[in-house]
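Participant: Below: one structure in structure tokens.
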Amino acid sequence: MNSAPINFPVMEKVNLLGMNRQDLEAFFVSIDEKAFRASQMMKWIHQTGVDDFAEMTNISKSLQQQLSQIAEIKALEVVVDQLSADGTRKWVFRLKDGNCIETVFIPEDDRGTLCISSQVGCALDCSFCSTARQGFSRNLGSDEILSQVWLASRLLHEENRPGRKISNLVLMGMGEPLLNYENVVKAIDVFLDDFAYGLSKRRVTVSTAGVLPAMDRLSDRHDVQLAISLHATDDELRNELVPVNRKYPIKELIAACHRFMAKRSPRSRLTIEYVMLAGVNDSEQHARELVRLMKGLSVLINLIPFNPFTDSGYKTSSSNAVNRFRDILQKASITTVIRKTRGEDIDAACGQLVGKVEDKSRRQKRFIKPRFGMHS
Ligand code: SAH
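Going by my numbering, the first residue of the sequence shown is number 7, and it counts up by one from there.
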């Protein structure tokens with residue numbers, strides 16, 4: 007007799023990589039285990055870098071077995087791993103759905119910064135950013151955000167060279183972190199947790215184009231560093247460069263910055279990012295306007311040399327223009343640094359991260375032909 011095949015429902019395993027301590031505690035309690043298992047698990051995953059339950063020596067064999075049936079520690083797939091002449095290392099990671107994101111490690115004398123992505127593509131459509139050209143697919147899950155840090159730590163550790171440790175995390179890769187609020191704050195929980203990465207709140211930076219409601223929410227949840235991508239001093243220009251400005255104009259953005267800083271310790275500073283575009287936003291008049299806007303705010307201004315890409319339509323400001331701009335800010339007692347461009351030879355610099363994005367916003371249709379493939 008022919009019988010139809012029986013389809014057993016395939017239970018998807020839960021990925022413990024994306025859980026903060028609270029989630030892990032709830033998970034262990036749900037399988038009749040003690041909540042303290044959560045901190046043990048966090049240490050194994052994030053401090054020891056283990057992804058196999060069998061290696062977790064303080065967990066009984068029977069629990070190890072039970073865990074392997076219902077849970078997993080599953081990282082992204084590494085598809086490209088590139089090292090720049092200046093020591094910057096860039097990875098392209100493939101997600102389960104075939105999309106790809108990029109993550110960059112930037113070593114400096116006194117720190118190692120990992121720049122991580124928060125979304126697949128970006129919906130904000132900033133005119134000078136190549137990620138924007140990719141369009142937008144979806145938010146990253148907390149497991150996909152944490153996986154970037156987990157993998158980078160492991161791969162850097164394998165290099166076995168001095169100065170290749172992650173000391174700072176910046177959410178400045180692909181995407182707008184504050185449009186993926188829940189997953190981003192969950193990942194930050196883990197960055198700061200002493201049982202996981204144990205980073206100080208001063209070493210974690212969220213960069214935003216100015217999604218104001220989420221800025222207010224963030225200030226209640228985490229005391230991390232905030233960087234604002236300002237790039238223009240009047241609404242007309244900012245509407246063009248950073249279109250989210252139409253929703254949250256400069257005046258409201260600056261007011262939100264004041265609210266954010268009012269909740270921080272008096273010594274803390276807000277970072278203002280300002281990309282230098284030749285003949286667009288880099289005049290002395292713009293610098294003076296910026297000084298005026300910053301009145302009463304404790305800030306560090308980061309002048310970012312524009313990193314060009316094909317058909318961007320913009321040019322990098324001359325070093326003369328950048329220096330003049332910086333001098334005006336510094337004369338007004340505003341700490342200003344000119345950001346060094348890193349990893350240019352492997353397209354790892356600011357605004358050059360493109361990954362591989364299945365665009366769901368149909369943005370690319372506006373362009374004559376897709377301009378970017380995956381770097382490899
Ligand atoms: N969406 C967030 C974080 C990602 S962009 C934000 O807007 O802040 C990280 C930084 O790189 C932002 O300041 C962004 O404006 C800047 N950037 C984007 N494209 C750039 C380019 N081509 N050259 C230099 N900086 C760029």
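Note that beta-carbon positions come from the ideal geometry of N, C-alpha and C, so glycine has one too.
1. Residue 263: beta carbon under 6 Å from a heavy atom of the ligand SAH?
2. Just curious, the alpha helix (DSSP H) that residue 321 is in, first and last residue?
3. Tell me whether residue 213 counts as near the ligand SAH, meaning its Cβ is closer than 6 Å to at least one heavy atom of that ligand.
4. On the three-state DSSP scale, how would you describe residue 34?
5. If contacts are defined as beta-carbon pairs under 8 Å, then residue 94 and residue 349 qualify, I think. What distance do you get, rounded to the angstrom?
6. Straight-line CA distance for residue 256 to residue 308?
7. Confirm, please, whether the CB-CB distance from residue 195 to residue 21 is below 7 Å.
8. Just to check, is the beta-carbon of residue 141 closer than 6 Å to a non-hydrogen atom of the ligand SAH?
9. According to DSSP, simplified to helix, strand and coil, what is residue 252?
10. Just how far apart, CA to CA, sit residue 241 and residue 251?
11. Rounding to the nearest angstrom, what Cα-Cα distance links residue 216 and residue 324 in this structure?
12. What does a CB cutoff of less than 7 Å around residue 84 pick up in its chain, not counting 5 residues either side in sequence?
13. If distances are taken between C-alpha atoms only, which option among 19, 46, 265 and 259 comes closest to residue 199?
14. My assumption, with CB atoms under 8 Å, is that residue 347 sits in contact with residue 355. Please give the rounded CB distance.
15. Residues in the same chain with beta-carbon distance under 6 Å from residue 373, minus the five sequence neighbours each way, listed in chain order, please.
16. How about residue 151: is its Cβ closer than 6 Å to a heavy atom in the ligand SAH?
17. Is it the case that the CB of residue 360 approaches a heavy atom of the ligand SAH more closely than 6 Å?
18. When we look at the beta-carbon of residue 219 and count the other beta-carbons within 10 Å, is it buried (16 or more) or exposed?
19. Measuring CA to CA, which of 149, 184 and 134 is closest to residue 284?
20. Given that a residue counts as buried once 16 or more other Cβ atoms are within 10 Å of its Cβ, and exposed if not, what is residue 7?
21. Give, in chain order, every unbroken run of the beta strand (DSSP E) that is at least 3 residues long and sits entirely within the stretch 103-165.
22. For residue 128 and residue 181, which I take to be in contact (beta-carbon distance under 8 Å), what is that distance rounded to the nearest angstrom?
Facilitator: Looking at the coordinates:
1. Checking every heavy atom of the ligand SAH against the Cβ of residue 263, none is found closer than 6 Å.
2. From DSSP, residue 321 is part of no alpha helix (DSSP H); its letter is neither H nor E.
3. Closer than 6 Å to some heavy atom of the ligand SAH: that describes the Cβ of residue 213.
4. DSSP places residue 34 in helix when its eight states are reduced to three.
5. Sure, about 3 Å apart at Cβ, within 8 Å.
6. Cα to Cα, residue 256 sits roughly 18 Å from residue 308.
7. Annotated as distal: residue 21 and residue 195, with beta-carbon spacing of 7 Å or more.
8. Incorrect: residue 141 has no Cβ contact closer than 6 Å to the ligand SAH.
9. Under the three-state reduction of DSSP, residue 252 is assigned to helix.
10. Approximately 7 Å, taken between the alpha carbons.
11. If you take the alpha carbons of residue 216 and residue 324, they lie about 27 Å apart.
12. So the qualifying residues of the chain are 97, 99 and 157.
13. For the residues 19, 46, 265 and 259, the minimum Cα distance to residue 199 belongs to 46.
14. Taking the Cβ atoms as the reference, residue 347 lies roughly 5 Å from residue 355, within the contact range of under 8 Å.
15. Since pLDDT at residue 373 reaches only 35, below the 50 mark, its modelled position is unreliable, and no value is offered.
16. Checking the Cβ of residue 151 against the ligand SAH gives no.
17. Not so, every heavy atom of the ligand SAH lies at least 6 Å from the Cβ.
18. Residue 219 should be labelled exposed.
19. Of 149, 184 and 134, the residue nearest in Cα terms is 134.
20. Residue placement at residue 7 is flagged as unreliable, the pLDDT there being 48, under the threshold of 50; a coordinate-derived value is accordingly withheld.
21. With a minimum length of 3 residues, the continuous beta strand (DSSP E) runs that stay inside the stretch 103-165 are 106-113, 118-121, 125-127 and 142-145.
22. The Cβ separation is near 5 Å, so the contact holds.
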